[in-house]
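Structure first, commentary second.
Residue numbers (full-length UniProt numbering): 1 to 297.
Shown next as structure tokens:
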């Protein structure tokens, strides 16, 4: 990896691990609370809908159907904001807006749940739909952060490739992405449960804070980067101007030196010509010339 690729890889792993941690914590809080339902994925909820149909349990059916609709609306909202829900990874400001929206939905869900209403579960499901639809493809690796089914499946297939190709699989680097996401989810679930047992629903402030900070970073990183580039360009321009100034001064010194050399060369040439003329027109030179001419008698 070059420097840019290492930086991009670090951003993917760090950001993905934070999102997995948040999802694990939210799901753990929901399951540990009086809600006792998962909100970060819908497979179990869809199963419950089938059970509710079979047992004609209309109250639970409405609740489970509401969770699915909330998750779907969250995914829809995320797709409208990002407009590239399953595209290649890019550090876009739209991700920041999704995370800020998710932050407010978690806080609003906290307020509703704190007042004893189960409607807060729909807001938590909405926030999970927002996050899950924000998944990206990074060098062929699909990044999902609200459930671990896909991550665990990819880890299994990668392990099979290593066994089959004797550890020389070209996608070994994906372990460095999937394992942190998997561990982040488990860690979030663990801390979420421990925190809920101690401070209850106030635990929801933790994922909201993390998402708010991460979303703010995504929103401002471009401005900060542009500012850094701007000042770097100014510094480079000043440095180039200084170099150009020093070069011009040295050129002037060389030109002055060459002019002096040229003047001295002209003086030497003039002295040489003058000395030759003196020799040609001196009386001794004339006598030599005359005596050297043969005479006829």
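We put the beta carbon where it would ideally sit given N, CA and C, even for glycine.
Original post:
Excluding five sequence neighbours on each side, which residues of the same chain lie with their C-beta closer than 7 Å to the C-beta of residue 170?
Top reply: none
**OP:** Spatial neighbours of residue 53 within its chain, please: CB distance less than 8 Å, with the 5 preceding and 5 following residues excluded, ordered by chain position.
**Re:** In chain order, 61 place their CB closer than 8 Å to the CB of residue 53, counting only its own chain and leaving out the 5 sequence neighbours on each side.
Subject >> Chain-order list of residues whose beta-carbon lies under 7 Å from that of residue 122 (same chain, five-residue window excluded) >> reply: Cβ neighbours of residue 122 beyond the five flanking positions: 66, 67, 70.
Original post:
With respect to the alpha helix (DSSP H) encompassing residue 161, which residues constitute its N-terminal and C-terminal limits?
Top reply: 149-164
**OP:** Pull up the distance between the alpha-carbon of residue 185 and that of residue 236, whole angstroms please.
**Re:** 44 Å
Subject >> Alpha-carbon to alpha-carbon, residue 95 and residue 111 >> reply: 25 Å
**OP:** Starting from the Cα of residue 196, find the closest Cα among 20, 35, 15, 125 and give me that residue.
**Re:** Comparing Cα positions, the closest option is 35.
Original post:
Residues in its own chain within less than 6 Å of residue 75 by CB, not counting five upstream and five downstream?
Top reply: 129, 133
Original post:
Taking the alpha-carbon positions, what's the residue 254 to residue 261 distance?
Top reply: 10 Å
**OP:** Could you spell out where the alpha helix (DSSP H) holding residue 171 opens and where it closes?
**Re:** No alpha helix (DSSP H) holds residue 171; DSSP gives it neither H nor E.
Subject >> 7 Å Cβ shell around residue 72 - same chain, five flanking residues per side excluded >> reply: 129
Original post:
Nearest CA to the CA of residue 108: which residue from 245, 202, 273?
Top reply: 202
Original post:
Looking at residue 177 and residue 13, is the spacing between their C-beta atoms short of 8 Å?
Top reply: yes
Original post:
When the Cα of residue 38 is compared with those of 56, 147, 51, which residue comes out closest?
Top reply: 147
**OP:** Report the rounded CA-to-CA distance for residue 227 versus residue 240, giving the unit in angstroms.
**Re:** Any reading at residue 227 must be qualified, since the residue scores a pLDDT of 49, below 50, and its modelled position is unreliable; the value itself is stated next. Those two C-alpha atoms are separated by around 20 Å.
Subject >> First through last residue of the alpha helix (DSSP H) which encompasses residue 132 >> reply: The continuous alpha helix (DSSP H) containing residue 132 extends over residues 120-132.
Subject >> Buried or exposed (CB count within 10 angstroms, at least 16 for buried), residue 248 >> reply: exposed
Subject >> Alpha-carbon to alpha-carbon, residue 104 and residue 191 >> reply: 21 Å
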